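So in full-length UniProt numbering, spot 225 of the sequence shown is number 225, and the numbers just go up one at a time.
Note sheet for the following structure.
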Amino acid sequence: MFLVTPIARAIQDAGVFSWDFGLTLINFVTPSRKVEHVTPAGHPGEGGKWPEYIPPKEGDSRCSCPALNALANHGILPRDGKNISFPEMTNTVRATYNFSPTFSFFVPNYAARTLNKSYGKDRFDLADLDFHNGIEHDASLLREDYHFVKDQGKPHLPFVRELLDSASGKDKEGNVLLTPADLSRFSSKRRAESRANNPEFSLDLSHKMFGSSNASTLVTIFGGRISDLESFLIEERLPEGWESRIREPFGLTIASFQPTALKVEFGIDESKYTAEASSTVAGESGEPNPAA
Ligand code: HEM
Numbered sequence: 001m002f003l004v005t006p007i008a009r010a011i012q013d014a015g016v017f018s019w020d021f022g023l024t025l026i027n028f029v030t031p032s033r034k035v036e037h038v039t040p041a042g043h044p045g046e047g048g049k050w051p052e053y054i055p056p057k058e059g060d061s062r063c064s065c066p067a068l069n070a071l072a073n074h075g076i077l078p079r080d081g082k083n084i085s086f087p088e089m090t091n092t093v094r095a096t097y098n099f100s101p102t103f104s105f106f107v108p109n110y111a112a113r114t115l116n117k118s119y120g121k122d123r124f125d126l127a128d129l130d131f132h133n134g135i136e137h138d139a140s141l142l143r144e145d146y147h148f149v150k151d152q153g154k155p156h157l158p159f160v161r162e163l164l165d166s167a168s169g170k171d172k173e174g175n176v177l178l179t180p181a182d183l184s185r186f187s188s189k190r191r192a193e194s195r196a197n198n199p200e201f202s203l204d205l206s207h208k209m210f211g212s213s214n215a216s217t218l219v220t221i222f223g224g225r226i227s228d229l230e231s232f233l234i235e236e237r238l239p240e241g242w243e244s245r246i247r248e249p250f251g252l253t254i255a256s257f258q259p260t261a262l263k264v265e266f267g268i269d270e271s272k273y274t275a276e277a278s279s280t281v282a283g284e285s286g287e288p289n290p291a292a
C-alpha cells in the first residue's frame, strides 16, 4: 500500500518527461509563433493588452512567486488569490507565459503533492504555496528568508533593486539584459548571506535546483530585459504590450529549460561571498542583515 503512491507518481513523471521530450523535438521542426502573436487568441493579454492591473488589497492571498501574483493582480487568476484549482493554474500559466503543457502541468502537480492535495479535485490559496521547504525555500533572490518574514507574498525591494542593478548584458537594440552569470552571482551572494545570518538556514539540492530554475525564467520567459523585469518584479505587473519571449509553438519545455537552469546553478560560488557575508552578520540573535 505504501508503495502505490510513489510508484504511481514515478509512472506519471516518466509519462510527463517522455511527452516533454516529444514536444521539445516538435518545437525544433515547427515554425515559431509570430512576434505579437505569442499570447494565444482569445486569452487575456492577446496582442499585448493585459487586463487591468490592481495591486493586492488587505486580505488578498499572495505568494512568493511573482508570476502567479501577477496573474492575480491582472485578474487572470482570481484577484483575491483564493480558491484556485490546480488545472486553472496550469492553463493560465501556459497561455500567459508560454510554458509548455508539460511544464505547466509538472510544477502545479508537484505543488499539489507538496501540499498533500489532489491536483484534480482540491483548491488552494496562493499563500498555501509558501509552505516552507515545499517549493518555497531559503536564499531566494526576491524574498527574505521565511525565518525573518513569514508573509512571503511581497517582494523585498532592496533585493529586487540589487538584482536589477546587477544586469551586465546588452542586446543589439541596446536593451539592458540580466544574464545567467548575473543570476549566479546574485544567488551566490544570497546563499552566503542566508547561511551566515539565518539560524534556521536550509537549502538541499532539490531546493537549490528550484532556486536556479525559478531564477532562470527571468532570462528565458522575459529574455532578461530589465525594462520588462522592473514592473514584473517590483509591482508584479505584466508590462503593457508584453508577451513571452518564448516563441516555440509548444512553449518552454522542461528539457529545453535545463541548460539555462544548470548554467545558473553551476555558476554559483558561495565561497566568493562567505567572508563578506560573515562580516555583515547582524548578531547572534538572528536579526536580518541590515545590508540586505
Ligand atoms: C507553474 C506554476 C508555478 C508555481 C507553483 C510556482 C511557485 C513558485 C514558488 C513557491 C516560488 C518561491 C520559491 C522561493 O522560495 O524562492 C516561486 C518563485 C519564483 N517563480 Fe514561480 N511558480 C510557478 C510558475 C512560474 C512562472 C511561469 C514563472 C515565470 C514566468 C515563475 C517565476 C518565478 C520567479 C522569478 C521566482 C522567484 C525566485 C526567487 O525569489 O529566487 N514561476 N515560484
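Glycine residues also receive a C-beta, built at the ideal position from the N, C-alpha and C atoms.
In this text, all values refer to a predicted model and were calculated from it rather than measured experimentally.
Asked                                                                                                                                                                                    : Found
So which of Leu71, Phe28, Asp128 and Ser216 has the shortest CA-CA distance to Pro180?                                                                                                   : Ser216
When the Cα atoms are used, what is the spatial distance from Leu205 to Gly15?                                                                                                           : 24 Å
Could you pull the start and end residues of the alpha helix (DSSP H) that Ser231 belongs to?                                                                                            : Ile226 to Ile234
Spell out a yes or no on whether the segment 262-282 and the segment 108-119 are touching, meaning 3 or more CB-CB pairs, one atom from each, closer than 8 Å.                           : no
Looking at C-alpha atoms only, which residue of Ile84, Glu270, Asn214 and Trp50 is the closest neighbour of Phe124?                                                                      : Ile84
Name the two residues that bound the continuous alpha helix (DSSP H) containing Phe148.                                                                                                  : Looking at the DSSP string, Phe148 is not in any alpha helix (DSSP H), and its letter there is neither H nor E.
Considering only residues of the segment 196-270, which uninterrupted alpha helix (DSSP H) runs meet the minimum length of 4 residues and lie entirely inside it, listed in chain order? : 205-220, 226-234 and 254-266
For Ile226, which residues in the same chain have their Cβ closer than 8 Å to its Cβ, ignoring the five residues on either side in sequence?                                             : Leu164, Ala167, Asn175, Val176, Leu177 and Leu178
Report the three-state DSSP secondary structure of Phe99 (helix, strand or coil).                                                                                                        : strand
Below 8 Å, is the gap between the Cβ of Leu178 and the nearest heavy atom of the ligand HEM?                                                                                             : no
Give the C-beta separation of Thr253 and Leu23 to the nearest angstrom, bearing in mind that I take them to be a contact with Cβ-Cβ under 8 Å.                                           : 5 Å
Around the Cβ of Ala8, are there at least 16 other Cβ atoms within 10 angstroms (buried) or fewer (exposed)?                                                                             : exposed
Could you please give the first and the last residue of the uninterrupted alpha helix (DSSP H) stretch that includes Asn116?                                                             : Per DSSP, Asn116 belongs to no alpha helix (DSSP H) and is neither H nor E.
At a cut of 8 Å, does the segment 244-252 reach the segment 91-99 through at least three beta carbon pairs?                                                                              : yes
For residue 300, does the three-state DSSP call read helix, strand or coil?                                                                                                              : The shown model of the chain, from 1 to 292, leaves out residue 300, and the question about it has no answer.
Decide if Ile246 is buried, meaning its Cβ has at least 16 other Cβ atoms within 10 Å, or exposed.                                                                                       : buried
Tell me the DSSP secondary structure of Ser166 in three-state form.                                                                                                                      : coil
In whole angstroms, give me the CA-to-CA distance for Ala10 and Phe17.                                                                                                                   : 10 Å
So the candidates are His137, Glu240 and Glu162; which of them puts its Cα closest to the Cα of Asn198?                                                                                  : His137
Contact defined as beta carbons within less than 8 Å: I believe Ala112 pairs with Phe131. What is the distance between those atoms, to the nearest angstrom?                             : At roughly 12 Å, the Cβ-Cβ gap does not stay under 8 Å, so Ala112 and Phe131 are not in contact.
Thinking C-alpha only, which one of Ser271, Lys272, Glu248 and Asp171 is nearest Val29?                                                                                                  : Glu248
The ligand HEM and Ser64: does any heavy atom of the ligand fall closer than 8 Å to the residue's C-beta?                                                                                : yes
Could you check the C-alpha separation between Pro51 and Phe186 for me, to the nearest Å?                                                                                                : 32 Å
By a C-beta neighbour count over all protein chains shown, 10 Å radius and 16 as the cutoff for buried, is Ile54 buried or exposed?                                                      : exposed
Roughly how many angstroms separate the alpha carbons of Leu77 and Gly153, rounded to a whole number?                                                                                    : 15 Å
Can you list the beta strand (DSSP E) stretches of 3 or more residues lying completely in the segment 167-191, in chain order?                                                           : none
Regarding Phe266 and the ligand HEM, is the C-beta to nearest heavy atom distance less than 8 Å?                                                                                         : no
List the DSSP bridge partners of Ser85.                                                                                                                                                  : Arg123
If I follow the unbroken alpha helix (DSSP H) through Arg9, where does it start and stop?                                                                                                : Val4 to Val29
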